[in-house]
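**Q** For what it's worth, our numbering labels the leading residue of the sequence shown as 2, then goes sequentially. Each residue gets a CB set at the ideal place from its N, CA and C atoms; glycine is no exception. Remember, predicted model here, so these are calculated numbers, not experimental data.
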Amino acid sequence: MKAKIFILRFVSLALLILGIIRVFANQSTFEYFRNGDLWPNEILLQYLFKATGGFIIFHAIMFFGISKDMVRYRSLFGPYALALFVSGTSMLIVGYLNFLPIWLYGSDALICYFLAIFCFYVKD
2 MKAKIFILRF VSLALLILGI IRVFANQSTF EYFRNGDLWP NEILLQYLFK ATGGFIIFHA
62 IMFFGISKDM VRYRSLFGPY ALALFVSGTS MLIVGYLNFL PIWLYGSDAL ICYFLAIFCF
122 YVKD
């Protein structure tokens with residue numbers, strides 16, 4: 002149990018850092034990582050990019066809170082994992098059907114799938 006609590010807190014810290022980077026990222030941040038051409042020029046896509054950063058921060062805070070009392074909140078992980086899997090799948094379908102480049106929605110779907118797998122791991 003202590004190992005899962007440690008992993009849950011580590012993942013929540015990693016998600017918090019990732020979310021903060023997404024919220025405060027701009028074109029120079031992308032250029033720093035040598036992929037400046039991937040920065041979306043449309044204001045709506047920039048908003049969605051930053052909004053998903055807030056979504057990631059929400060998960061970080063939630064996972065850290067759950068790590069305080071894993072026995073009490075363990076039953077949340079099953080339905081939560083299913084919801085994340087459905088969210089990731091809907092991101093892939095909507096992005097594909099709207100002819101968006103995969104790099105605009107694929108990373109968000111991967112984050113959802115990673116979190117879903119992680120929730121299935123932690124719930125047992």
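Which residues in the same chain as residue 120 place their Cβ atom closer than 6 Å to its Cβ, once the five residues preceding and following it in sequence are excluded?
**A** 78, 81, 82
**Q** To which residues of the same chain is residue 116 closer than 7 Å at the C-beta, ignoring the five residues directly before and after it?
**A** 60, 85
**Q** Considering Cα atoms alone, identify which of 103, 52, 43 is closest to residue 21.
**A** 52
**Q** Please give me, in chain order, every unbroken run of the alpha helix (DSSP H) with length at least 4 that falls completely inside the stretch 8 to 85.
**A** 28 to 33, 44 to 68, 71 to 74
**Q** Sort 11, 111, 109 by Cα distance to residue 63 and report the nearest one.
**A** 11
**Q** Could you give the first and the last residue of the continuous alpha helix (DSSP H) run that contains residue 115?
**A** Segment 103 to 124, the alpha helix (DSSP H) holding residue 115.
**Q** Report buried or exposed for residue 23, applying the criterion of at least 16 other Cβ atoms within 10 angstroms of its Cβ.
**A** With 16 or more other Cβ atoms within 10 Å, it is buried.
**Q** Would you mind giving the Cβ-Cβ distance between residue 124 and residue 73, rounded to the nearest angstrom? I have them listed as a contact below 8 Å.
**A** The beta carbons of residue 124 and residue 73 sit about 13 Å from each other, so the pair does not count as a contact at 8 Å.
**Q** Is the beta carbon of residue 40 less than 8 Å from the beta carbon of residue 34?
**A** no
**Q** Just verifying my parser: in three-state terms, what is the DSSP assignment at residue 2?
**A** coil
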